Amino acid sequence: MVATKQELIERLQKDILQWEGYKPPSVGMRSLVGLGPVEAAFPNGVFPVAAVHELVCGSAEQAAAGGGFVTGILSALLKQGGICIWIGRARRLFAPALTVFGVAPHKIIFISLTKDKDALWVMEEALKCAGLTAVVCEVRELDFKQSRRLQLAVEQSRVTGFVLRNASGKLNSTACAARWQVKALPSAHLNGLPGLGFLRWQVELLKVRNGQTGNWILEWKDGHFNPVKEVLVLTERQVG
């Protein structure tokens, strides 16, 4: 009887995940975006596409780090073709720099809007377009109702959405599949030589639907994210 109840619970959990868009990969296939151990935190061990991800950015530095992290994910999503729309506030993103992550600039359509209301409306309409691969939007505020509209849009089109929230003072509830916070870290020296090394981030998964939260240090190397085993402890003296 106990085994039967456990099997029933497991079956219901799998059904709920599929209803929410977390479909397991086909036999012999893995839907990876190169996030290494981070992907294991998600249901079925697969990064959720056809979902909306929220990145909390408490400063200009975090916004830049979040943009770089998202671009690394886009490099994997765009390998199969497709186009991404990036809705920004001030066009601070230097398009040729996208090639560092293996993203061709002509694969990104940039739209500049200063008002959150306009930006979210454009994002919702873009997310309804099944011909797109991903949509990135920079806003200051996002409430539950707005996020729910975005999530409903991707459930039909299977497009992946990323919201870069450039104000983290009030973290209200949203319907996004995951909430991230990304911070830039100093790059490590290459073989002990001075100069710039590989890009590094501290990536924290604050909330994830039906998954596990966590904190990782990732490095961009050889066209994908690599986990950094050693823990970096930055003191005020080191960063000052």
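Counted the way the numbering used here counts, the sequence shown spans residues 1039 to 1278. Every residue gets a Cβ at the ideal spot worked out from N, C-alpha and C, and that includes glycine. The model shown is predicted, which means the values in this text are computed figures rather than measured ones.
Sequence-distant residues of the same chain with beta carbon closer than 8 Å to residue i, five excluded per side
| i | result |
| --- | --- |
| Arg1178 | Asp1154, Arg1203, Asn1204, Ala1205 |
| Gly1083 | Glu1077 |
| Pro1134 | Pro1143 |
| Leu1073 | Phe1085, Ile1111, Leu1256, Phe1263 |
Cβ-based neighbour list, residue i, same chain, cut-off 7 Å, excluding 5 preceding and 5 following
| i | result |
| --- | --- |
| Phe1250 | With the sequence shown as reference, residue 1250 is identified as Gln, and Phe is not the correct amino acid for it. Answer for Gln1250: Ala1079, listed in chain order. |
| Leu1136 | Thr1109, Pro1143, Ile1146 |
| Trp1254 | Pro1075, Val1076, Val1241, Pro1265 |
| His1227 | Gly1235 |
| Glu1099 | Ala1222 |
Distance between residue j and residue i (C-alpha atoms, nearest Å)
| i | j | result |
| --- | --- | --- |
| Cys1122 | Gly1140 | 14 Å |
| Pro1000 | Leu1180 | The structure shown does not extend to residue 1000, since the chain is modelled only from 1039 to 1278, so the question has no answer here. |
| Phe1182 | Glu1092 | 12 Å |
| Gln1240 | Thr1042 | 43 Å |
| Phe1263 | Ala1103 | 14 Å |
| Val1160 | Leu1116 | 21 Å |
| Arg1217 | Val1246 | 6 Å |
| Glu1162 | Asn1229 | 46 Å |
| Val1094 | Leu1112 | 18 Å |
| Pro1086 | Ile1125 | 21 Å |
| Arg1127 | Ser1097 | 15 Å |
| Gln1189 | Leu1158 | 12 Å |
| Met1067 | Gln1044 | Caution applies to Met1067, whose pLDDT of 45 falls short of 50 and renders its modelled position unreliable; the value that the coordinates give is listed next. The alpha-carbon atoms of Met1067 and Gln1044 are separated by roughly 27 Å. |
| Leu1272 | Ala1222 | Note that Leu1272 has pLDDT 39, beneath the 50 cutoff, so the model's placement of it is unreliable and the number below is only indicative. If I take the Cα positions, the gap works out to 12 Å. |
| Ser1211 | Ala1191 | 18 Å |
| Cys1167 | Gln1118 | 17 Å |
| Gly1209 | Ile1047 | The amino acid at residue 1209 is misidentified as Gly; the sequence shows Leu. Straight-line Cα distance between these residues: approximately 32 Å. |
| Phe1107 | Trp1258 | 9 Å |
| Ala1164 | Gln1194 | 12 Å |
| Thr1152 | Phe1132 | 18 Å |
| Val1138 | Arg1238 | 13 Å |
Any chain B beta carbon closer than 9 Å to residue i
| i | result |
| --- | --- |
| Val1160 | Of the protein chains in the structure, only one exists, and it is not chain B. |
Own chain residues within Cβ distance below 6 Å of residue i, not counting five before or after
| i | result |
| --- | --- |
| Gly1252 | Ala1079, Leu1243 |
| Arg1049 | none |
| Ala1114 | Val1071, Gly1072 |
| Phe1148 | Trp1124 |
For residue i, the nearest candidate out of the options (CA to CA)
| i | options | result |
| --- | --- | --- |
| Asp1156 | Gln1184, Ala1168, Val1138 | Gln1184 |
| Asn1248 | Pro1081, Ile1149, Leu1073 | Pro1081 |
| Gly1120 | Gly1072, Phe1107, Gly1169, Val1160 | Gly1169 |
| Arg1186 | Ala1101, Gly1072, Ala1089 | Ala1089 |
| Arg1129 | Val1087, Gln1219, Ala1213, Gly1105 | Gly1105 |
| Ala1101 | Gln1219, Leu1234, Phe1236, Ala1133 | Gln1219 |
| Phe1236 | Ala1213, Ile1149, Gly1261, Glu1193 | Gly1261 |
Any non-hydrogen atom of the ligand GDP closer than 8 Å to residue i Cβ
| i | result |
| --- | --- |
| Val1197 | Because no ligand of any kind appears in the structure shown, any question about the ligand GDP cannot be addressed here. |
Sufficient close CB pairs (3 or more, under 8 Å) joining the region 1169–1178 to the region 1193–1203: yes
Entirely within the region 1074–1149 and at least 3 residues each: give me those beta strand (DSSP E) ranges in chain order. DSSP runs (the beta strand (DSSP E)) wholly in the region 1074–1149: 1090–1094, 1122–1126.
Taking only runs that begin and end inside the region 1164–1225, name each unbroken alpha helix (DSSP H) of 4 or more residues, in chain order. Every alpha helix (DSSP H) stretch that sits fully inside the region 1164–1225 and reaches 4 residues is listed by chain position as 1182–1195.
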